[in-house]
Amino acid sequence: MKNLFLIFATMLYTITISAQAPFSVYKPVIVPQRSYPLPDLSIPDPMEDIIRHNKAVARSREIVSSDIITADGFNYISETYNQLKIKIIQRRNGQVEFHCLGIKKNGTWSICEKEIVSLEGMYKAATKESDKKMILELMEYGNYLLIVNPNSDVYIIE
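If you count the sequence shown from 1, position 37 lands on 32 in the numbering used here, and the numbers rise without skipping.
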């Protein structure tokens, strides 16, 4: 019994010694909260781009102002002056268009629905030297050109 008591005491002693080991509290490591944006995996619809482009073009072509004026046009062929009714259209993109509505000849108006072009634009677009010289001659009379009939009605407008 003494041996049993000695074994029992030894076991109790070793248990208490191991129980006296330093006790430490473990704290969990704080992991920072990171949010990563997910990549946009959606494929853009090409029709949306086309629709958006068409809307932008339509918006830029909107008419900002439209006026009708009366101007004198020099008929380059017959060397006479005639009154012209001209519609001036200004678009949102800055483009300005000139259209002839009518020509007054011998006291009566005749309908003329033709576009009037800028001589400066024609000069810039001309490639031949002879064409540029001819346009410069026309610029002596005005800045814009209206061709109703190349044989009889060519008007230069200031």
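Ideal Cβ placement from N, Cα and C applies to all residues, glycine included. Keep in mind the model is a prediction, meaning the values are calculated, not measured.
Query: Rounded separation between residue 140 and residue 89 - CA only; Result: 20 Å
Query: Paired residues, beta bridge with residue 186 - DSSP; Result: Given that the chain is displayed from residue -4 to residue 153, the structure contains no residue 186 and the question cannot be resolved.
Query: CB-CB length for residue 79 against residue 95, believed under 8 Å; Result: 6 Å
Query: Enclosing alpha helix (DSSP H) for residue 127 [first to last residue]; Result: 124 to 134
Query: Given residue 59 as reference, the closest of 86, 73, 82 and 35 once Cα atoms are compared; Result: 86
Query: Endpoints, alpha helix (DSSP H) assigned at residue 49; Result: 41 to 55
Query: Where residue 22 sits in the DSSP three-state scheme; Result: coil
Query: Which residues DSSP lists as bridging residue 75, in chain order; Result: 70
Query: Beta-carbon separation (whole angstroms), residue 61 vs residue 82, contact threshold 8 Å; Result: 7 Å
Query: Pick from 48, 143 and -2 that is closest to residue 111, judged by C-alpha positions; Result: 143
Query: Beta carbon of residue 69 nearer than 8 Å to that of residue 137; Result: yes
Query: Outcome for residue 150 when other beta-carbon atoms lying within 10 angstroms are tallied against a minimum of 16; Result: buried
Query: Residues bridged to residue 103 [DSSP beta-bridge criterion]; Result: 100
Query: Buried/exposed call for residue 63, threshold 16 Cβ in 10 Å; Result: exposed
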